[in-house]
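Peer 1: So the sequence shown is numbered by UniProt numbering: it starts at 1 and just counts up by one.
Pasting in a structure now, in structure tokens, and then I'll have a few things to ask.
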Amino acid sequence: MVDDNACQNPPPNDVRSFIHNEDIHLVHNPHEASNCQFNSISHQVTIIGIYRTGMQLRQMAVDHIKENKAHYSSFTAGSIDRYLQRMANKFTFGDKTLLDLAIELNCQFIVVNSQGRDYNRIVLTLAYTQKT
């Protein structure tokens, strides 16, 4: 079910069909496409008392990677410093930064993909599973 009153940016019809067929309730669909991951997380973590803007969360992820460069350098194409510079820009789409935020916020994320159930993901950390 899509609550248009909850959406500033209603999804296209094919996504609406998917949401309806999967019985998903959409509560937030952020405007900025390249910042959508961070803005969506910002919206949801307020439920658990974490108040950060999308840009603050983006910076948190960048800082996490920066503090753990040795670990992350093998996951980036090219220079890790260049990757961090790009990722700090609000016009860069989030990627594995979702895992970095799961670590920093000690929570899990469920990513629902409009391409169907096979593309949905649960993102959590080993630390999260050990604490619950």
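No residue lacks a Cβ here, since even glycine has one placed at the ideal position from N, Cα and C.
All values derive from a computational prediction rather than experimental measurement.
Under 8 Å, with one C-beta from each stretch per pair, do the region 62 to 75 and the region 94 to 108 reach the 3-pair mark?
Peer 2: A contact exists between the region 62 to 75 and the region 94 to 108.
Peer 1: Figure out for me which residue from Phe109, Asn35 and Thr97 has the closest Cα to the Cα of Val45.
Peer 2: Of the listed residues, the one whose Cα sits closest to Val45 is Phe109.
Peer 1: Whose C-beta lies closer than 8 Å to the C-beta of Ile48 among residues of the same chain, with five residues either side of it excluded?
Peer 2: These residues qualify, in order along the chain: Cys107.
Peer 1: Considering only residues of the same chain and omitting the five flanking positions on each side of Asn120, which have a CB-CB separation below 8 Å?
Peer 2: Taken in chain order, the residues that qualify are Ile110, Val111, Val112 and Asn113.
Peer 1: Starting from the C-beta of Asn35, find all residues in its chain whose C-beta is less than 6 Å away, skip the five residues before and the five after it, and write them out in chain order.
Peer 2: Cβ within range, chain order: Gly54 and Lys90.
Peer 1: DSSP beta-bridge partners for Tyr123?
Peer 2: According to the sequence displayed, residue 123 carries Val and not Tyr. Phe109, per the DSSP bridge assignment.
Peer 1: Taking 8 Å as the threshold (C-beta atoms), are Arg52 and Ser40 in contact?
Peer 2: The answer is no: Cβ separation not under 8 Å.
Peer 1: Taking its Cβ as the centre, do 16 or more other Cβ atoms sit within 10 Å of Phe38, making it buried, or is it exposed?
Peer 2: So Phe38 ends up on the buried side.
Peer 1: Looking at the structure shown, is Thr76 part of a helix, part of a strand, or coil, going by DSSP?
Peer 2: The answer is coil: DSSP assigns Thr76 none of H, G, I, E or B.
Peer 1: Identify, in the order they occur along the chain, each residue of the same chain with its Cβ nearer than 7 Å to the Cβ of Lys69, setting aside the five sequence neighbours on each side.
Peer 2: These residues qualify, in order along the chain: Ile80.
Peer 1: Could you check where the alpha helix (DSSP H) with Ala61 kicks off and where it finishes?
Peer 2: From DSSP, the alpha helix (DSSP H) with Ala61 extends over Gly54 to Glu67.
Peer 1: Could you tell me if the beta carbon of Phe93 falls within a distance shorter than 7 Å of some heavy atom in the ligand NAD?
Peer 2: In terms of ligand content, the structure shown is empty, and the ligand NAD therefore cannot be addressed.
Peer 1: Buried or exposed: which applies to Arg117, given that a residue is buried once 16 or more other Cβ atoms fall within 10 Å of its Cβ?
Peer 2: Classification for Arg117: exposed.
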